[in-house]
Structures are given as structure tokens and as C-alpha cells.
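Just so you know, we're using UniProt numbering here: the sequence shown kicks off at 1 and counts up by one.
Ideal Cβ placement from N, Cα and C applies to all residues, glycine included.
Quick caveat: nothing in here was measured; it's all calculated off a predicted structure.
Accompanying notes for the structure given below.
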Amino acid sequence: MGEAVPTRTSLLPAHFSKPEPPAPDSSLDLGQRLKRMRLESGWTLEDVSQRTGVARSTLSKIENGQMSPTYDVLQRIMRGADLDIVELFEGRRQSAPFGRRSVTRRGEGKIHPTQTYRYEVLATDLSQKEILPFKARVAARSLDDFAGWVRHQGEEFICVLSGRIKVFTEFYEPVELSEGDSTYFDSNMGHAIISVSKEDAEILWVCTGITILK
């Protein structure tokens, strides 16, 4: 069989044509690290705002722990300010030699909760990675839980570890995935994922294009 022909998803909430703003959450530690990295790079809030398109007031709230950035917004900040997302989660690391390896034991990843997903970032001891692997619990149950499509540069792969999810993408009909099923798509295409099982689904999520390679 050939590849599916893209079709525009119908009956989506009207606000899905807009970018997704940060979701409120307690993230003081992350905000403090972001502020430290910004100051060490010599950027003002206004500098970062102009380079990323994220409002100065939003950046200030994130740094003060009054707002938790969504995946899309965090990626825009890190790219626009030329910062390393791995350093943000785990601190500055020396460049690793050839032949790196990382082992993350169950439950030892770096937790980053948002309104829609609870991320557990893996292999945080390695800097300058070309991919970002993490597990996520999908708390979202409806597209109404999102303020709009999630978009960012790169590609991503998702495999369902437990439960069942529905994957919405901008140019295809929604698809349900169960334990063991997987999907791969371009990240700059709007996307959103919700749980359709009784319990929050757990997924393995691997993304490219989000780590600044220096």
C-alpha cells in the first residue's frame, strides 16, 4: 500500500490556527536556570523577546516561576537565545568524548510537568545531543486542553508504552494508537496528542531539531 494522502482534519477548535501559549505550572527551578543562562549570555529580556517572538512579560513570568513554558515556547526560547536545552535541564557539562553512552534508570529522568503532558527527559547527562529522548504521561483528554497546534523544527517519533492515545496532525485525519503502536512525523506540522484510555497513556517520545549544536 502507498503512503496515505494528506487530508485536512475537520471540526477542529477554531483556536487551533493560533500558536500555543505557555501553560501555567510551578517551574521556579527551571525559570531560575533559564534566567541564569540568559544573564551569562549577556541577553536582556527585551533581547530574548526580539530574537524569539515571545513576549517580554511571558519571559519574565517563566523566569519567576509564575508560568510553565510549553514545549513549543521553550524550543523557541532556546533557539532564539542560542542556549542549550540539555544544560537547562541538567546544568553545564563538558564536551563528551567520542563513544558516549548514557543510562537512565526507571524514574530517574528529569521531570518537567505541563498542563497537557508530564515529561520525563532522559539521558540528561549528555550535552550536545542531536536528539532529545523522553517519556511522557499524556494528561490531555481533549483538543480543548490545548491553546493551539504545537509546532517546532525537526522530526519526532512516538511509541505507546501503555494506554491508548489519539494523534492529531494538521494535514491528516486523527489516528488512535495502542500499546506497541508508533508514529513518525514532521514536527513543523501542527500536532497534538491526547489520551483516550481510562488511565493517562505513557509514551516514548524522541525529537530532533531542539538541541542547539555548538
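Local Cβ density within 10 Å of F146, reported as buried at 16 or more and exposed below that:
For the purposes of this step, residue 146 is taken as residue 146 along the sequence shown, with counting starting at 1. With a 10 Å radius around the Cβ and a threshold of 16 neighbouring Cβ atoms, F146 comes out buried.
Distance, Cα to Cα, V138 vs L204?
The residue you call residue 138 lines up with position 138 of the sequence shown. The residue you call residue 204 lines up with position 204 of the sequence shown. So the two alpha carbons sit approximately 11 Å from each other.
Determine the closest residue to T183 out of R164, M37 and Q115, with distance taken between C-alpha atoms.
Residue 183 sits at position 183 when you count from the first residue of the sequence shown. Closest option to T183, Cα to Cα, is R164.
Report the rounded CA-to-CA distance for T208 versus I158, giving the unit in angstroms.
Your numbering for residue 208 matches position 208 in the sequence shown. Your numbering for residue 158 matches position 158 in the sequence shown. Whole-angstrom Cα-Cα distance: 12 Å.
For E176 and S195, what's the separation of their Cα atoms in angstroms?
Here residue 176 is taken as the residue at index 176 of the sequence shown, counted from 1. Here residue 195 is taken as the residue at index 195 of the sequence shown, counted from 1. Between the alpha carbons of E176 and S195 lies a distance of about 9 Å.
Please return the same chain residues whose Cβ sits closer than 6 Å to the Cβ of L122, not counting the five positions on each side in sequence.
Translated into positions along the sequence shown, residue 122 becomes position 122. Same-chain partners within the cutoff: T104, G109, P133 and F134.
Per DSSP, the bridge partner or partners of H112:
The count along the sequence shown starts at 1 and reaches residue 112 at position 112. The secondary-structure analysis by DSSP pairs H112 across a beta bridge with Y119.
Could you name the residues of the same chain whose beta carbon sits closer than 6 Å to that of E156, not counting the 5 residues immediately before and after it, in chain order?
Taking the sequence shown and counting its residues from 1, one reaches residue 156 at position 156. Contacts found: S187 and C207.
Looking only at its chain, what residues have a beta carbon closer than 6 Å to the beta carbon of I193, apart from the 5 residues adjacent to it on each side?
Translated into the one-based positions of the sequence shown, residue 193 becomes position 193. So the list reads V138, I165 and V167, once near-sequence residues are dropped.
If we ignore side chains and look at the alpha-carbon of each, how far apart do R79 and S162 end up?
Here residue 79 refers to the residue found at position 79 of the sequence shown. Here residue 162 refers to the residue found at position 162 of the sequence shown. Near 32 Å, if we compare the C-alpha coordinates of S162 and R79.
Exposed or buried, S41, counting other C-beta atoms within 10 Å across all chains shown (16 or more means buried)?
Taking the sequence shown and counting its residues from 1, the one referred to as residue 41 is at position 41. In the assembly as shown, S41 is an exposed residue. Its beta-carbon has fewer than 16 other beta-carbons within 10 Å.
Which partner residues does A201 have in the DSSP bridge list?
Within the sequence shown, the letter at position 201 stands for residue 201. Listed as beta-bridge partners of A201 by DSSP are V138.
Terminal residues of the continuous alpha helix (DSSP H) containing R76?
As a position in the sequence shown, residue 76 is number 76, starting the count at 1. For R76, the enclosing alpha helix (DSSP H) stretches over residues Y71 to G80.
Comparing alpha-carbon positions, which option in R51, F171, A201 and R100 lies nearest E130?
Translated into the one-based positions of the sequence shown, residue 130 becomes position 130. Check the Cα spacing between E130 and each of R51, F171, A201 and R100: the tightest is with R100.
Is it true that the CB of R38 sits closer than 8 Å to the CB of V48?
To locate residue 48, count along the sequence shown from 1; it is residue 48. To locate residue 38, count along the sequence shown from 1; it is residue 38. Between V48 and R38, the CB-CB gap stays under 8 Å.
Pull up the distance between the alpha-carbon of E199 and that of E120, whole angstroms please.
Position 199 of the sequence shown, counting from 1, holds the residue named residue 199. Position 120 of the sequence shown, counting from 1, holds the residue named residue 120. When rounded, the distance between both Cα atoms is 18 Å.
Name the DSSP bridge partner or partners of V167?
In the sequence shown, residue 167 corresponds to position 167, counting from 1. DSSP, once it has assigned bridges, lists V175 and I193 as partnering V167.
For E156, which of helix, strand or coil comes out of DSSP?
Here the question's residue 156 lines up with position 156 in the sequence shown. In this structure, DSSP gives E156 an extended state, which the three-state scheme calls strand.
Element boundaries [alpha helix (DSSP H), containing D47]:
For this step, residue 47 is matched to residue 47 along the sequence shown. Its alpha helix (DSSP H) spans residues L45 to T52.
Quick test of your reading: L59 and L45, contact by CB under 8 Å. State the CB separation rounded to the nearest angstrom.
Numbered from its first residue, the sequence shown carries residue 59 at position 59. Numbered from its first residue, the sequence shown carries residue 45 at position 45. Confirmed, Cβ separation roughly 5 Å.
Have a look at the DSSP bridge pairing and note the partners of F185.
Taking the sequence shown and counting its residues from 1, one reaches residue 185 at position 185. Its beta-bridge partners are E156.
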